Structures are given as structure tokens and as C-alpha cells.
Amino acid sequence: MELNTTSPEFYVGEHLIWGNLGHTAVVVSFIASLLAFIAFYFKQQNEQSPWAKIASAALWIHTFSVFAIFAILYYLIQSHYYEFQYVWQHSSNTLPKHYMISCFWEGQEGSFLLWMFWHAVIAVFLHLKPNRLSSGALSVVMLAQVVLSSMLLGINILGLKIGSSPFSLLREVQPEILDIPILKSIGKANYLQAIKDGSGLNPLLQNYWMVIHPPTLFLGFATAIVPFSYLISSFWSKDRSYWLKQVIPWTLFSVMILGTGIIMGGFWAYESLNFGGYWAWDPVENASLMPWLLLIAAAHLVLIFKNTGQYAVLTILLVCFSFFLVLYATFLTRSGVLGNASVHSFTDLGLSGQLLIFIFMFIFMAIYSSFENKKKAVLFGISFAAIAILNITNNSIASFLSTPVINVINLLAFGVFVFWWSKELLKLYPTKKVDENIWSREFWMFIGSLVLILSAFQIIFYTSAPVFNKLFQLNFAVQKEEFYNKFQLPFAIVIALLTAIGQYYFYRNTGKKEVWSKLILPLVLSIVISLIIAYVWSIFNLNYFLLLFFSVFTIVSNITFIFTKLKGKIILSGASIAHAGFGLMLIGILASSVNKHVISYNNIGKDFIEDDNSEKAQNFNRENMLLRMYDTVRIKDYLVSYDSVFEVGPDKFFRVKWMRLKDNKIVEQFELFPNAQNNPKMGLVANPDTRHYLHKDIYTHITHESSLEEIEDFKDFKLDTVGVGQNILTRSGMRKVSILGLDNLTSEDGKLIKIVANLKIESEINKPKLMDAAMIIDVTSNEIKYENAQSDEDGILVKLTTIIPQNPKEFNIVLTTAERRPKIDYIILKAIEFPWINLLWSGTIILVIGFTLSIVFRIKELKKWKAQNPS
Amino acid sequence: MKTIHIIAIAVIGIVLAIVLSFYGDKSYYVTFEQAESMSSGFSSKDFHVVAKLNTEKPMVYDPIKDPNYFEFHAIDSVGVERKVVYKNSKPHDLERTDKIVLIGKAEKDYFLANDILKKCPSKYNKTPEQANSEN
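If you're matching them up, the sequences are chains R and S in order.
The first sequence begins at 1 in the numbering used here and counts up one residue at a time.
The second sequence begins at 872 in the numbering used here and counts up one residue at a time.
Next up, the structure:
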């Protein structure tokens, strides 16, 4: 007992060396990034200074330690070293190798690491291809690395927790693990013998798309820092135009990658989650959408700025705010503030303070660097901080001012700050006062950017409800989808229109005739096409029709543009291709969401309108369909039957056959295997299976299955005394038991006597069965054991209770019967039809192709410019 | 008036519309009793009730009879218990949740939920308390 009461000096079987190595790597990466941040700053001031060498060395040390952290953590996971909390929590023995990488993004620490990894790659790239602003930019990137690696430090300074280490030991994080009963006998020092397996990776993350979606999304997030850092670097060097040229390809790249990441997330949700769609306006989804919208606006504005010198201030603000929103998104998803609001935010690791510092640090950096008069910058900073602190700390404001008022005051304050900042930026980029020419490309791009900003603002404002709750101790509930759609639909309509016509305008000035004469053909074509589509798809709602029409217009006019204006030159047509892809995506979204139908409705005789929000409609929510094994049901044009189930690892696959009939002939036949895992941690985790057609998807998933049901106890006991050849009914009268015969067996030593009644069991649902019920009598002890006849599919139990001899040849038999509900194999299935969802995916691919072409073109342009202007 | 002024007014107008409609659209987290008193009135809006599953009382889900009827009892934040009817299949990790958000309306003798948001401590982490116990 002594062994167990005190903590042992050491624990058997731990691999502390790896943990220490990993932790050292974190500390080294932290210090090296701090050093690199300072050194690159001074290097930007003076290329020749001794800081240049230090900067380079620190950058490489930092990069290698980031890679080392990554490698060590991966090694720990794949070696199943469960003494490490992260490994224990996010992996298990049975986890396939190809999903081990997903362990990195299940936990906060791992996903910070992923972000750092991409920053490090970007930094190396910038370092190897230096230009006259890259040192300053690297300094900014390194500052981000300082903050990110501090999130992994996991140390306490003066009671303040800084970061959360992925190399923490399980027994330190969860000391109660040492109190589990079994350790009483084997000793606490041997606790690892009791922890043979990890708690496992969330089965939803064990998916091919989940391997590539997070890295893509984080690459998008990571690249958003590049335009921002070039901008800051330009402030430091007072170099007003060079950064723009550097930033154009990066902004495009960032938009493309982040967009791909978001869509991949949608595709993952569609393929492997069961909320029945690809987008739900969940705060976590919104968090990645907000910076993306601003990045798109920024990507367009840098082009205007470069080509016309107009809208400099707005461009700079957008570059800054798109980066700030990346940070804000991080705060939303990781601080735990979303709490009730989101189904998939990370759990709070107590890093909210650090995350807030992260955001404000970069805001102040941007402001301080951009103000010519540093005193004013300090004043700005102090008043900004004062407002922020007032909001964060003073909860009593809400008691005498209503929240809408506070919010409006905050918005006004925000407006004042933006105005103040713009004034200062205007000093750096004085523009000639010209009235906007509405016949110029830059004007419409500017309008488009405003719409994107407004669209982002709406999402930010609505998604921030949980933040308002926290600040002002309110209890706003999560907003539902329709509140987002209400605004985003008109915004999308305007954006589609602008995407259609934008390129037909020239920079600065275009003749009225010039625009219209070129647009008339695509316009007429689009009207015809969209009317036909609207008729076929039955889209009669005005807003939906407008979106459809402008999306079609976008596609047609951009394709026309490639051939008429660009003479089919593929290298120049990146933008047009991307825009056409965007139009296609919009149509895909429109078609698949407006005409999405749950086809497993089984509301026979009920008049149901899908969009109807009335009580009546909600009361007839009958989306799930019962499929008994071997039964056939009708789902829309299909005859659907479920006939078998098999298991692969922890997953159960249900084979569901679909047949389409036309004139009583089978015209199509296929099988779907929706599967489910009864996960000990999460209950039934269903994976949909989808039949893909060119023009629609049939998406099915299991919402319940028979083996999940609790088996009830036998009831309705009934005692009967019968003779051989007679029969009895159960209490319900639904099942019949006939006694066919009675056998008497004696064991060799004569100690045991077994009496067997041969029975025939009949019920209404199944074929008759022959079964035996027996009693075994131990002659010496007089103990009796029973072997009952039990049929689950008939829901009957028959017990041979005793026998009463009448004469040597005849026995009366006492049988006890009991019943319960027959066990039926079934699945509950939900099936949804998504028409034309392929347009969304193919539009995305076209968008990416367009972006790639644009990036290639812009890089060529940049190289050409550099060759002409050697610095 | 210059074009830019028209644009500025439009932008401010839309911003205001967004802010105002946020307050128009919003719904609060309420208790069962609040939902009941408000349901009887004018509102057709859905209510959000933060509640806990009452594991003592049986849950009714009999898919053979009706795969779209699930009934259980929940206790809200002030300790009031109500029967909840959810016309859908039974959500599977319900027993594992420590908190649920019921979205729907109060009916005569039950709360009709048309959506149930689950907050499982186990979704990404074993328990948040344990993760936080470091400090």
C-alpha cells in the first residue's frame, strides 16, 4: 500500500526524452522567431548591417525547429506514446497511418503548429527570393511566429498560463489518471500498463477530405499575412508603390487557396457529415468566409490601385482588415467564445487573452507604422485601446444603455477610427480630387468591393452575437440560415451583375456606346438561356430568378469576352475564366439549395410545402423513412430495398438497392452503402453514401438502425399445462406453441437427467420454427437448470417449467410462455436530392484554373517589370 | 451631390439595415416558461431553450411505429421540466450531452422542437474541465 499513496520518483515506460526534445524545439522556435523579428527589422533599415546575418541564421533555426516540432509530434503519435496527453487524446492503436496526420488538426495545439508550418514555408520562400521590401515583410511574419509559438509554450509565468504544449504529459494534465483503481495493485509507477490505447480520433475526421481540407485552409490563412507584411514593410521603408506589385500575385494566391479550402470543407461536410448539405452558416464556417470576402475585395482593389492610382486608402484598409479578420476568425473558433453557438468549435484552452493580444498587437503595429506623426499614432492607439477596454471590462454599461445603443455607439466609434486612420493614410497617398467616372472599370470594381465589404460586415455582425453576449452578458441565440440568406442573396445578385459587366469597362474611361455595343449580344443570350433554365427548374421567385439571370450573364459575358476582346489568348483570360467559374458556382448553389428535396418524405396524403414555416408544415416533418430488411419501399421514382449489412472494422455498411422503374421495366439499378459507426465516444456516427449523376445527387444516410434499440424484457408470462400433441397460445394470442414430443436423456454416470420438449413455434410474421426447451435435473443436489426456447424474431420465450407424470407413459407438461416485441432488422433512412450540385464543384475547379492563370500572368508581369526597373 | 455622396449614403443605409435587422431577427435564449408565455402571443418566431436532458425519465422513440417521432424530458436552466417532442429521428449522442439547445415552440403540454443543438464535451476534447485544470 505504501507504494501507492505517494507519487513515485519515476514512472515506468515513459519516453520523456522525446517530450523534452519537442518542448526544447518549441522554446528554440520561439526565441529564434523573436530574434528574427528584430533582426529582419534592422536588416530592412540597412541591408549591410550585421543584423542581416543574424536574421538569416535565426530564420533557418526557427524553420528547422518548427519542422522538428512537427516531426517529433508525428513520431509520438505513430509510436502510440500515450504518456503524452495530445497523443492519448487524439489518436488510438487502430487509427490507420494515413489518418494520423489528421491528429494534428483535431487539437488546438496541432492546428497552431500547422499554421506555423505554413508561415515558416512562406518565410523561407520570401527569404530565398529577396526583394527590397522582403526583410521588413519577414520581420512581420516572424512576429506572427513569435505569437504562434508562444501558444505552444505551455509554461506558467507568475500564475499566467502562456500557451498549451502538445508535449504535456497525460499524468500532469489529468492527474486523476493516477487514481484509477487498477493502479492500486500494480503501482502508480506502472500506470502506463493501464493505458494501452488512446481515446481516439473523432471518426468524422477519419475521412480523406479531412486530410487535405485543413492544410489547404490554413495555407490560405497563412498567405493572408504576406500582403499585410509587405504593406507594413513599405510603411517602414517609406516605399509607396513597390509593395503593390509584390502583393498582387500573393493576394490572388491567398484568395484561391482559402476559397478552395472553404469549398473543400463544404465538400467534406456534404460527403461525410449528415446535416444534409455543404453549408450551414455555422459560426466556424463563417469565420473562414469573412476574411475571404475581404481578400477578394482586396485582390480587386490592388489591381485598381496599381492601374489607376485610385482608392489607395481603401486598398490599404482592405489588406489590413482581411488579415485582422483571419486573426479574429482564430479568436472566434479557439477562445471558446462560440460556446453554445457552434457545433464544432474547439474547446477553450484558456488562451483567449493571448489570442486577443495577437489581434491587437497587429492592429497597433499597422497603425503605428502608418502614422507619420508618431505622437498621433500613440494618441490613436490609446483612445482605441480605451474604447476596447471599456467594452471588455465594463459590463455595467448594458444596464443603463440598451445594447442596440451600445452597438451603434461602438459602430460610430469604429467609423471614427477608420476615418481618422484613412486621413493619415491619405497623407501618404495623396490622390487628385476627381469625381468618380461611372464609365470606368475602377468605379464598378470599387462598387463591387463595397458590396463585398457589406456582405462581410453582415456575416461578421451576425456571427459575433456570441461575442456580444460575452461582452454585455446578454443571451442572443444563434442566428438561423434564413437571416443570412436574406442579405447574402441580394449581395450575390449585385456581385454577379458586376462580375458580368466589369471587364467590359476600361480603366479610367470607356465610351457609353463601347460598353453597350459589346454587351448587347451576351445580354440577349443570357436572357434566353436563363428563361429556359428558370422554366425547367421552376424558379419563379424574383430574387432567385435575378440571381440565376445574372449568374448566367456572368458566364456568357465572360466567355464572350475571352473570344471577342482577348482574341482567345489563354494567358490573359485568367480573370474571365475565374469569373465564369464563379458564375457557375452561384448557379450550382442556387439550384442545389433552392430545389433541394428530401425525397424520403413519407407523408402520404399530406399536402406539404417545403419552404413553408407554418406550424402545420413543421408538424409534418417526416423526413426519415423506415426500411425493414427485405422490404421494398417507394422513394420518388425508385423502389428501394435493404437486404444486408456487413462490417468493416468499426463501421457497419448497409446495402440498400435502388431500382428505377419506367413502364414497369427496370431502367436503372444501383446500390448504395450508407454506413454508420457506433462510436463509444459519440454514439451513432453516420456516413452518407451518395449516388452521383451529372445533373443531380441522391444523398442518403442512416439516422437509426435496429441494433441501437434497447431490447426489452420478456413480459406477459403465462403458465399452461398440456400434453404431447397439444398446443397453446401465448397471452396475446399472436403466437402458437405446439408440443411435438418429449425426450428423456440420462448422463452416463446417471447423475443428470435432461428432459427435452420438442416444440413448434408459429407466429404471424415468420415461418414456423422447430425448437427445444429443456430442463436438466441434477439428481444428487436436486438443482434444476433450464434451457429455454427463445426466438427473438418471433419475440417469444418458452420455458419447460416442470413435468407432471400422469402414468408411466403419459406426462403433463407445464410450459411458461412469455412475449416481447419481435426483433425486426431495419434501418431508418433519409434521402435528399441535390439537383445540379456538380455545377458548384465544377465551377470551383474552373475558378481555380482561372486564378492559376491569373497568378502566372501576374508573376510574369512582375518579372518583366523587374527586368526593366532593376533596383 | 456627387456620386460618392450617394454611394456613402447607400452604404450607411445598408449598414443600418443590417444592424437594425439583427435586432429584429434576434432571438434570445429563454426558459420553457418564458417560451410558453410568449408563444401564446403574437410571435411566430422560434425560441431557443438551453436545457439538460432528464435521464431519469424514459425517452420514447419507436421507429417501427413512427421513425419521425421522438419524445423526451428536459430541464431548463431554472430547473423547470417539460416534455419535448421532436418530429425527427432520435439524435444519437443525446445521452452524452451535458447541454442541449432546443429550438422550437411551446405547445399546450409540450415543447415542440424542430432542431436540437447538442453540446458534447467529448466532441473535440475529453472534458474541457480537464484540459483547463492545468492552471
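Idealized CB from N, CA, C, for every residue including glycine.
As the structure is a prediction and not an experimental result, all values here were calculated from the model.
Beta-carbon proximity list for residue i, same chain, < 7 Å, skipping 5 on both sides
{"i": "residue 154 of chain R", "result": "163, 164, 165 and 168"}
{"i": "residue 862 of chain R", "result": "245 and 249"}
{"i": "residue 220 of chain R", "result": "254, 257, 258 and 261"}
{"i": "residue 626 of chain R", "result": "826 and 828"}
{"i": "residue 989 of chain S", "result": "962, 964, 965, 968 and 971"}
{"i": "residue 101 of chain R", "result": "211"}
{"i": "residue 334 of chain R", "result": "108, 346, 351 and 355"}
Nearest to residue i (by Cα), restricted to the options the options
{"i": "residue 56 of chain R", "options": "R:19, R:359 and R:127", "result": "R:127"}
{"i": "residue 850 of chain R", "options": "R:255, R:87 and R:223", "result": "R:255"}
{"i": "residue 131 of chain R", "options": "R:68, R:54, R:234 and R:172", "result": "R:234"}
{"i": "residue 554 of chain R", "options": "R:505, R:501, R:540 and R:573", "result": "R:501"}
{"i": "residue 792 of chain R", "options": "R:823, R:674, R:441 and R:834", "result": "R:823"}
{"i": "residue 843 of chain R", "options": "R:580, R:421, R:858 and R:308", "result": "R:580"}
{"i": "residue 463 of chain R", "options": "R:445, R:484 and R:446", "result": "R:484"}
{"i": "residue 368 of chain R", "options": "R:99, R:379 and R:359", "result": "R:379"}
{"i": "residue 385 of chain R", "options": "R:43, R:413, R:458 and R:217", "result": "R:413"}
{"i": "residue 631 of chain R", "options": "R:638, R:701 and R:643", "result": "R:643"}
{"i": "residue 654 of chain R", "options": "R:705, R:176, R:679 and R:696", "result": "R:705"}
{"i": "residue 739 of chain R", "options": "R:633, R:800 and R:18", "result": "R:800"}
Cross-chain neighbours of residue i in chain R, by beta carbon under 9 Å
{"i": "residue 982 of chain S", "result": "The premise fails here: residue 982 of chain S is roughly 13 Å from chain R at the closest Cβ pair, so nothing lies under 9 Å."}
{"i": "residue 882 of chain S", "result": "450, 453 and 454"}
For residue j and residue i, the rounded distance between their alpha carbons
{"i": "residue 615 of chain R", "j": "residue 251 of chain R", "result": "Because the pLDDT at residue 615 of chain R is just 46, under 50, the model does not fix this residue reliably, and the value given afterwards should be weighed accordingly. Approximately 48 Å, taken between the alpha carbons."}
{"i": "residue 409 of chain R", "j": "residue 891 of chain S", "result": "13 Å"}
{"i": "residue 997 of chain S", "j": "residue 89 of chain R", "result": "With a pLDDT of only 36 at residue 997 of chain S, under 50, the local geometry of the prediction cannot be trusted, and no value is derived from it."}
{"i": "residue 853 of chain R", "j": "residue 306 of chain R", "result": "19 Å"}
{"i": "residue 898 of chain S", "j": "residue 917 of chain S", "result": "8 Å"}
{"i": "residue 713 of chain R", "j": "residue 797 of chain R", "result": "11 Å"}
{"i": "residue 139 of chain R", "j": "residue 321 of chain R", "result": "19 Å"}
{"i": "residue 290 of chain R", "j": "residue 332 of chain R", "result": "12 Å"}
{"i": "residue 285 of chain R", "j": "residue 763 of chain R", "result": "53 Å"}
{"i": "residue 794 of chain R", "j": "residue 812 of chain R", "result": "25 Å"}
{"i": "residue 876 of chain R", "j": "residue 687 of chain R", "result": "This structure cannot speak to residue 876 of chain R, because chain R is shown only from 1 to 871."}
{"i": "residue 645 of chain R", "j": "residue 691 of chain R", "result": "19 Å"}
{"i": "residue 74 of chain R", "j": "residue 118 of chain R", "result": "16 Å"}
{"i": "residue 804 of chain R", "j": "residue 723 of chain R", "result": "10 Å"}
{"i": "residue 639 of chain R", "j": "residue 669 of chain R", "result": "9 Å"}
Contact list for residue i against chain R, beta-carbon separation under 8 Å
{"i": "residue 903 of chain S", "result": "The contacting residues do not exist; residue 903 of chain S stays about 15 Å from chain R at best."}
{"i": "residue 897 of chain S", "result": "465, 476, 477 and 479"}
{"i": "residue 953 of chain S", "result": "Simply none; closest approach about 17 Å."}
Cβ neighbours of residue i in the same chain (closer than 6 Å, five flanking residues each side left out)
{"i": "residue 278 of chain R", "result": "266, 269 and 270"}
{"i": "residue 682 of chain R", "result": "none"}
{"i": "residue 677 of chain R", "result": "203, 650, 651 and 685"}
{"i": "residue 598 of chain R", "result": "623 and 832"}
{"i": "residue 941 of chain S", "result": "932, 957 and 961"}
{"i": "residue 928 of chain S", "result": "944"}
Integer-rounded CB distance, given that residue j should sit under 8 Å from residue i
{"i": "residue 584 of chain R", "j": "residue 492 of chain R", "result": "Not a contact, Cβ separation roughly 13 Å."}
{"i": "residue 200 of chain R", "j": "residue 29 of chain R", "result": "At roughly 29 Å, the Cβ-Cβ gap does not stay under 8 Å, so residue 200 of chain R and residue 29 of chain R are not in contact."}
{"i": "residue 461 of chain R", "j": "residue 889 of chain S", "result": "6 Å"}
{"i": "residue 69 of chain R", "j": "residue 113 of chain R", "result": "6 Å"}
{"i": "residue 37 of chain R", "j": "residue 143 of chain R", "result": "5 Å"}
{"i": "residue 429 of chain R", "j": "residue 171 of chain R", "result": "58 Å between Cβ atoms; not a contact."}
{"i": "residue 426 of chain R", "j": "residue 313 of chain R", "result": "6 Å"}
{"i": "residue 711 of chain R", "j": "residue 720 of chain R", "result": "In fact, because the Cβ distance is near 25 Å, the residues do not count as touching under 8 Å."}
{"i": "residue 531 of chain R", "j": "residue 557 of chain R", "result": "Residue 531 of chain R to residue 557 of chain R, Cβ: 17 Å. No contact."}
Within chain R, partners of residue i - CB distance below 7 Å
{"i": "residue 963 of chain S", "result": "683 and 684"}
{"i": "residue 960 of chain S", "result": "624, 703, 704 and 828"}
9 Å Cβ cut-off: residues of chain S touching residue i
{"i": "residue 404 of chain R", "result": "890, 891, 893 and 894"}
Residues near residue i by beta carbon distance below 8 Å, same chain, minus five either side
{"i": "residue 354 of chain R", "result": "147, 150, 151, 162 and 163"}
{"i": "residue 1005 of chain S", "result": "Low local confidence applies: a pLDDT of 28 at residue 1005 of chain S is under 50, so the model's placement there is unreliable, with the coordinate-based value given in what follows. So the list is empty, once near-sequence residues are dropped."}
{"i": "residue 411 of chain R", "result": "none"}
Interface partners of residue i on chain S, CB under 8 Å
{"i": "residue 411 of chain R", "result": "886 and 890"}
{"i": "residue 191 of chain R", "result": "Per Cβ cutoff of 8 Å: no residues; residue 191 of chain R is ~16 Å from chain S at best."}
Per-residue contacts from residue i into chain S (C-beta, under 7 Å)
{"i": "residue 458 of chain R", "result": "889"}
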